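For reference, the structure discussed in these notes is given below.
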Amino acid sequence: MSFSIESLEPDHPELSDFENDYERAEYLQSILIGHATGGNSSDEHYKTLRRYFLDNPNTKPLVPNWVRRKRNLDHFWQFIKHKFGTYAERRDFIWTEFSPLLEYLEQGDKTPHKASIEESLDTLSSEYVSFIWQKAMRRIKDDPEGAITISRTLIEAVLKHILEEIDVDYPDNPDLHELYKLVAEELNLTPEQHEEKVFKQILGSCSGLVSGLGSLRNSLGDAHGKGAK
54 MSFSIESLEP
64 DHPELSDFEN
74 DYERAEYLQS
84 ILIGHATGGN
94 SSDEHYKTLR
104 RYFLDNPNTK
114 PLVPNWVRRK
124 RNLDHFWQFI
134 KHKFGTYAER
144 RDFIWTEFSP
154 LLEYLEQGDK
164 TPHKASIEES
174 LDTLSSEYVS
184 FIWQKAMRRI
194 KDDPEGAITI
204 SRTLIEAVLK
214 HILEEIDVDY
224 PDNPDLHELY
234 KLVAEELNLT
244 PEQHEEKVFK
254 QILGSCSGLV
264 SGLGSLRNSL
274 GDAHGKGAK
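And the structure:
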């Protein structure tokens, strides 16, 4: 590694001392492993690097959820000491949780429009919706079937959130397309609510995408058991 831990002054950590974000993420990971295994890691370095990756819309969804919630190392310690009893278990857990972030930084982003999608999701102010989005991002590479299934869950969660925000009731176990139709009608987004041909085409395509995602989840997702083939 080309950076020096000593060069990061406790009160003013210099992120520029690292060559790239991959090294920064590795150092953040090492801070947590050190603190989880009896070491005395820098709380200031943790806070700075945590904030650095959370402020970046491209890396924010890849940061482990517990890092998002634990604002300092004392909070992290209370979490990790009860979750795992051995140093080995703690190391394995942290390595696994940081894998999506490190893989992204090593290989680059291949998810189109991710930053703009996250910005849109933030306007919902729904911690659950953001959590589902993060799960989808983490499943893309190693669990594509799970990513398809969770994508359908994400759409359903967003639609329900919108209906609750505008105080519209929906059935207990609604079909995805039924939910979309409720939202579209309330937001004036059904093809039947417009006369212009181009609007009818666009809004009809939106409805088709939702229906297609439901079908894709049934045929290629992991929501149903499969036979030998």
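First residue of the sequence shown: 54, per the working numbering; consecutive thereafter.
Don't be surprised by glycine CBs; every beta carbon is placed ideally from N, CA and C.
These figures come from a predicted structure and were not determined experimentally.
Tell me the DSSP secondary structure of residue i in three-state form.
i: E249; result: coil
i: T202; result: helix
i: D220; result: coil
i: D228; result: coil
i: N73; result: coil
i: N109; result: coil
i: V211; result: helix
i: K123; result: coil
i: E59; result: Reliability of the predicted coordinates at E59 is poor, the pLDDT of 43 falling under 50, and no value is obtained from them.
i: S264; result: helix
i: G87; result: helix
i: S94; result: coil
i: P117; result: coil
i: T243; result: coil
i: I193; result: coil
i: F22; result: Look at the range of the chain in this structure, 54 to 282, and you will see that residue 22 is not part of it.
i: R270; result: helix
Residue j and residue i - do their beta-carbons sit closer together than 8 angstroms?
i: F132; j: W148; result: no
i: L229; j: V263; result: yes
i: F151; j: Q82; result: yes
i: P153; j: L102; result: no
i: H88; j: F129; result: yes
i: I86; j: R124; result: no
i: F106; j: K113; result: yes
i: L266; j: I208; result: yes
i: A189; j: A200; result: yes
Ends of the alpha helix (DSSP H) at residue i?
i: S179; result: Per DSSP, S179 belongs to no alpha helix (DSSP H) and is neither H nor E.
i: L158; result: 140–160
Compute the minimum distance between the beta carbon of residue i and the heavy atoms of the ligand MN, and state whether it is under 7 angstroms.
i: A78; result: This structure lacks the ligand MN; in fact it carries no ligand of any kind.
Can we say the stretch 230–247 touches the stretch 195–204, given the rule of at least three CB pairs closer than 8 angstroms? no
Would you say the stretch 68–84 touches the stretch 150–157, given that touching needs at least three Cβ pairs under 8 angstroms? yes
Okay, do the stretch 242–255 and the stretch 204–223 touch, 3+ Cβ pairs below 8 angstroms being the bar? The stretch 242–255 is not in contact with the stretch 204–223.
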